[in-house]
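Colleague: Here it is: the structure, laid out below.
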């Protein structure tokens, strides 16, 4: 029987923790398309960056597989957002709660998907365990999000935290079936 | 929780938006790159006083606003003139750091906001650069709607005639592109107005009808949730 793919997109600014998020719950080793970071301002944060997409996979049953697609964070790769947005059932936008300089980039990503692929979406405020993290409520206002959009605390290295964000998105999707 | 950052990435419009939305009381510390320091006192999201300081810790020596005024030698009835004279100096700071300490300072009920923050937000929005505007209004397909109490906020914001015309076309259906075409208005002027009206709470992003890219059933969704729970 042909496998049916259910797609959730994990997006967010550079170094928000998208690859980590997928790695934490994927049952296969995440397929990554990384390149060495060369740009000033980026290479100080991490040595490699996603250039096309990451994907992780969770088998649901013999017929269905849930794919988690991670988009590249830099807007110079935004052509990939368009490709990945098609056919998604939901979107998780991650932000680095300790780096408000990236919040505007997160808003641009939300604008992009909302204008073209308005699937249910939620925001995961990553790195809540680190000092200097903005609260999810302040991040909600910074991103101009309505009260009905879920803006959740997240630690992408923690499996239970990642599962919670995924489950919250699925709950949100349930309202639209 | 922290509310701090760099003014280059997070300007006063953005900061005021957050403080107003949650009606925050507290002190905003602004430290410019050329070493000017200010304590900006907020009551319920509105600025009540701006205090130039030599060292940041001075701000935390007083937990009562009345004692701040005593130390500064200012009477309550003089607050407006001090605020108005210091605002341009504060708002001219474009490069530096900010941090907000919520709570901390106690105000008496007599201390009232003297300048609506919505008016300041619109004033500052008119000076935004194309790069700054792009942060919120990054797509011409965006659609906005009026907020529930838009008339009340718009009155406080003192909109220009052009901004009023833009606002009249915001209806939850017109895109940014539609408004631009209908008014034959400069792109940057339009986006600055939208940025300001969004930050001041006059308008909000229109709700979109959600679409799923896959024919999910409730049963299948339940199955996915159970698998995730079991990971």
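Protein chains in written order, with the numbering used here: chain L, 7 to 183; chain S, 14 to 244.
No residue lacks a Cβ here, since even glycine has one placed at the ideal position from N, Cα and C.
For clarity, every value in this text was computed on a predicted model and none was experimentally measured.
Which stretch, first to last residue, makes up the beta strand (DSSP E) that contains residue 70 of chain L?
Modeller: Here residue 70 of chain L corresponds to residue number 64 of the first chain, with the count starting at 1. Residues 70-76.
Colleague: Is any beta-carbon of chain L found at less than 9 Å from that of residue 22 of chain S?
Modeller: Position 9 of the second chain holds residue 22 of chain S. Chain L, which has a Cβ nearer than 9 Å to the Cβ of residue 22 of chain S, makes this yes.
Colleague: Of the choices L:98, L:140 and L:8, whose alpha-carbon is the least far from that of residue 14 of chain L?
Modeller: Counted from its first residue, the first chain places residue 14 of chain L at position 8. When only C-alpha atoms are compared, the closest one is L:98.
Colleague: Have a look at L:109, L:174, L:88 and L:182 and flag the residue whose alpha-carbon is nearest the alpha-carbon of residue 239 of chain S.
Modeller: Against the second chain, residue 239 of chain S aligns to sequence position 226. It is L:174.
Colleague: What residues from chain L crowd round residue 17 of chain S, counting only those whose CB sits closer than 9 Å?
Modeller: The count along the second chain starts at 1 and reaches residue 17 of chain S at position 4. Those are 106, 138 and 140, listed as they occur along chain L.
Colleague: Straight-line CA distance for residue 15 of chain S to residue 94 of chain L?
Modeller: Position 2 of the second chain holds residue 15 of chain S. Position 88 of the first chain holds residue 94 of chain L. Roughly 34 Å separates the two Cα atoms.
Colleague: On the DSSP letters alone, give me the boundaries of the beta strand (DSSP E) that residue 40 of chain S sits inside.
Modeller: The residue labelled residue 40 of chain S in the question sits at position 27 within the second chain. 39-45 is the span of the beta strand (DSSP E), which, as asked, contains residue 40 of chain S.
Colleague: Any idea if residue 171 of chain S is buried or exposed, counting beta-carbon neighbours within 10 angstroms, 16 or more meaning buried?
Modeller: Taking the second chain and counting its residues from 1, one reaches residue 171 of chain S at position 158. The residue in question, residue 171 of chain S, is exposed, as its Cβ has fewer than 16 Cβ neighbours within 10 Å.
Colleague: What does residue 227 of chain S reach in chain L if we use C-beta pairs closer than 9 Å?
Modeller: Residue mapping note: residue 227 of chain S aligns to position 214 of the second chain, counting from 1. Chain L residues near residue 227 of chain S: 10, 11, 12, 13, 93, 94 and 95.
Colleague: Does the Cβ-Cβ distance between residue 145 of chain L and residue 161 of chain L come in under 9 Å?
Modeller: The residue you call residue 145 of chain L lines up with position 139 of the first chain. The residue you call residue 161 of chain L lines up with position 155 of the first chain. It is not a contact, given that the beta carbons lie outside the stated cut-off.
Colleague: What does the alpha-carbon distance come out to for the pair residue 171 of chain L and residue 35 of chain L?
Modeller: Within the first chain, residue 171 of chain L is the residue found at index 165, counting from 1. Within the first chain, residue 35 of chain L is the residue found at index 29, counting from 1. Their Cα atoms are separated by approximately 20 Å.
Colleague: Just verifying my parser: in three-state terms, what is the DSSP assignment at residue 112 of chain S?
Modeller: For this step, residue 112 of chain S is matched to residue 99 along the second chain. Three-state DSSP puts residue 112 of chain S in a strand.
Colleague: Considering only their Cβ atoms, is the gap separating residue 139 of chain L from residue 167 of chain L smaller than 9 Å?
Modeller: The sequence position of residue 167 of chain L within the first chain is 161, counting from 1. The sequence position of residue 139 of chain L within the first chain is 133, counting from 1. Cβ atoms of residue 167 of chain L and residue 139 of chain L: not closer than 9 Å.
Colleague: Is residue 191 of chain S helix, strand or coil by DSSP?
Modeller: One-based indexing of the second chain puts residue 191 of chain S at position 178. Residue 191 of chain S: helix per DSSP, three-state reduction.
Colleague: Mapping DSSP to helix, strand and coil, what is residue 66 of chain S?
Modeller: In the second chain, residue 66 of chain S corresponds to position 53, counting from 1. Correct three-state label for residue 66 of chain S: coil.
Colleague: Could you give the DSSP three-state label for residue 223 of chain S: helix, strand or coil?
Modeller: Counting from 1 along the second chain, the entry for residue 223 of chain S is found at position 210. Correct three-state label for residue 223 of chain S: coil.
Colleague: Report yes if the C-beta distance between residue 96 of chain S and residue 128 of chain S is below 9 Å; otherwise report no.
Modeller: In the second chain, residue 96 of chain S corresponds to position 83, counting from 1. In the second chain, residue 128 of chain S corresponds to position 115, counting from 1. Yes.
Colleague: Tell me the DSSP secondary structure of residue 239 of chain S in three-state form.
Modeller: By one-based count along the second chain, residue 239 of chain S stands at place 226. The answer is helix: DSSP assigns residue 239 of chain S an H, G or I state.
Colleague: Starting from the C-beta of residue 65 of chain S, find all residues in its chain whose C-beta is less than 6 Å away, skip the five residues before and the five after it, and write them out in chain order.
Modeller: If you number the second chain from 1, residue 65 of chain S lands on position 52. Excluding sequence neighbours, residue 65 of chain S sits near 51.
Colleague: Classify residue 54 of chain S as helix, strand or coil using the three-state DSSP reduction.
Modeller: By one-based count along the second chain, residue 54 of chain S stands at place 41. Here residue 54 of chain S sits in strand by DSSP.
Colleague: With DSSP collapsed to three states, give me the class of residue 91 of chain L.
Modeller: What you label residue 91 of chain L is simply residue 85 of the first chain in a count that begins at 1. Correct three-state label for residue 91 of chain L: helix.
Colleague: Check whether the Cβ atoms of residue 149 of chain L and residue 112 of chain L lie closer than 9 Å to each other.
Modeller: The residue given as residue 149 of chain L occupies position 143 in the first chain. The residue given as residue 112 of chain L occupies position 106 in the first chain. Yes, the pair counts as a contact, with Cβ atoms nearer than the cut-off.
Colleague: Residue 105 of chain S to residue 11 of chain L, Cα distance in whole Å?
Modeller: Start at 1 with the first residue of the second chain, and residue 105 of chain S comes out as number 92. Start at 1 with the first residue of the first chain, and residue 11 of chain L comes out as number 5. Going from the Cα of residue 105 of chain S to the Cα of residue 11 of chain L covers about 53 Å.
Colleague: Kindly say whether residue 135 of chain L, judged by its beta-carbon, lies nearer than 9 Å to any beta-carbon of chain S.
Modeller: By one-based count along the first chain, residue 135 of chain L stands at place 129. For residue 135 of chain L, the answer is no, since every Cβ of chain S falls outside 9 Å of its Cβ.
Colleague: From this set, S:176, S:118 and S:120, which residue's C-alpha is nearest residue 216 of chain S's C-alpha?
Modeller: Here residue 216 of chain S corresponds to residue number 203 of the second chain, with the count starting at 1. Residue S:176 is the option with its Cα nearest to residue 216 of chain S.
Colleague: Report yes or no: is there a C-beta of chain L within less than 9 Å of the C-beta of residue 137 of chain S?
Modeller: In the second chain, residue 137 of chain S corresponds to position 124, counting from 1. No, no contact with chain L.
Colleague: Whose C-beta lies closer than 6 Å to the C-beta of residue 112 of chain S among residues of the same chain, with five residues either side of it excluded?
Modeller: In the second chain, the residue the question calls residue 112 of chain S occupies position 99. Only 17 and 42 meet the Cβ criterion.
Colleague: Quick one: what does DSSP say residue 132 of chain L is sitting in, helix, strand or coil?
Modeller: Taking the first chain and counting its residues from 1, one reaches residue 132 of chain L at position 126. In this structure, residue 132 of chain L counts as strand in the three-state DSSP scheme.
Colleague: If you count every other CB in all the chains shown that lies within 10 Å of the CB of residue 26 of chain L, and 16 or more means buried, which is it?
Modeller: Along the first chain, read from residue 1 onward, the residue named residue 26 of chain L stands at position 20. Buried, by the Cβ-count rule.
Colleague: When the Cβ atoms of the segment 129-144 of chain S are set against those of the segment 53-68 of chain S, are three or more pairs found closer than 8 Å?
Modeller: Because the criterion of three Cβ pairs below 8 Å is met, the segment 129-144 of chain S and the segment 53-68 of chain S touch.
Colleague: Quick one: what does DSSP say residue 109 of chain L is sitting in, helix, strand or coil?
Modeller: The count along the first chain starts at 1 and reaches residue 109 of chain L at position 103. Three-state result, residue 109 of chain L: helix.
Colleague: Answer with buried or exposed for residue 229 of chain S, where buried requires no fewer than 16 other C-beta atoms within 10 angstroms of its C-beta.
Modeller: As a first step, residue 229 of chain S must be located in the second chain, where it is residue number 216. The residue in question, residue 229 of chain S, is buried, as its Cβ has 16 or more Cβ neighbours within 10 Å.
Colleague: Please report the straight-line C-alpha distance between residue 78 of chain S and residue 124 of chain S, rounded to a whole angstrom.
Modeller: If you number the second chain from 1, residue 78 of chain S lands on position 65. If you number the second chain from 1, residue 124 of chain S lands on position 111. Note on geometry: alpha-carbon atoms of residue 78 of chain S and residue 124 of chain S lie some 9 Å from one another.
Colleague: Check whether the Cβ of residue 21 of chain L lies closer than 9 Å to any Cβ atom in chain S.
Modeller: Position 15 of the first chain, counted from the first residue, corresponds to residue 21 of chain L. No, its Cβ sits nowhere closer than 9 Å to a Cβ of chain S.
Colleague: Please list the segments of the beta strand (DSSP E) lying wholly inside the segment 97-170 of chain S, counting only runs of 3 or more residues, in order along the chain.
Modeller: 109-115 and 157-159
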